[in-house]
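A short worksheet on the structure shown next.
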Amino acid sequence: MWAFDIPLPHDEKLLAEKIKDPLVREIAKYLTAKKVDAAFSTAAGWEICEIKRRPLLSGIGQLLGYKDLWSEIYRDEPISKLIYVTVIDDPQIRTICERNGIEFYVVRGLEYLGARW
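Sequential numbering from 44 applies to the sequence shown in the numbering used here.
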């Protein structure tokens, strides 16, 4: 099963303490939401994908952050793999991914999709 834009919810109690107005709280949740680009469920667990036009360090940070948050929020749904997909190869980013157990893929053609990224 594939899933896209999977939200990693905020701490509702903390938000309620910090932002009293319910409408403003909902807007803040939407604007600051952390969302996994794509994920695929396998027998071993979820494969989490971050997709970027360019290979940036921020993508690695996002994957590591998603891994941490996912394990807190979806405790019964383990992550089996982290995957970084981009359209340009970058040997330094590839090496950092390898050191952190992240699979790195270059997929040409994604740049032509009319996506918001």
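For every residue, glycine included, the Cβ atom is placed at its ideal position computed from N, Cα and C.
Helix, strand or coil at residue i according to DSSP, with G and I counted as helix
| i | result |
| --- | --- |
| L66 | helix |
| P121 | coil |
| I116 | helix |
| G144 | coil |
Beta-carbon gap between residue i and residue j smaller than 7 Å
| i | j | result |
| --- | --- | --- |
| G104 | E93 | no |
| I110 | I126 | In the sequence under discussion, the amino acid at residue 110 is Lys, which differs from the Ile named in the question. Not in contact: K110 and I126 (Cβ atoms no closer than 7 Å). |
| F83 | W45 | yes |
| K77 | L58 | no |
| V79 | I49 | yes |
Own chain partners of residue i with C-beta closer than 7 Å, once the 5 adjacent residues on each side are dropped
| i | result |
| --- | --- |
| P98 | T129, I131, D133, I136 |
| E90 | A82, F83, S123, K124, I126 |
Own chain, CB closer than 6 Å to residue i, minus 5 neighbours either side, in chain order
| i | result |
| --- | --- |
| A87 | S123 |
Residue closest to residue i, alpha-carbon to alpha-carbon, out of the options
| i | options | result |
| --- | --- | --- |
| L107 | E120, I139, T85 | I139 |
| L153 | E69, V79, N143, K95 | K95 |
| E41 | L100, T85, N143, V149 | Here the chain covers residues 44 to 160 and nothing more, so residue 41 does not appear. |
Contact set for residue i: own chain, Cβ-Cβ below 8 Å, skip 5 residues either direction
| i | result |
| --- | --- |
| R68 | L58, A59, I62 |
| K146 | In the sequence as presented, Lys is not what sits at residue 146; that position holds Glu. These residues qualify, in order along the chain: K124, L125, I126, Y127, C140. |
| R151 | V130 |
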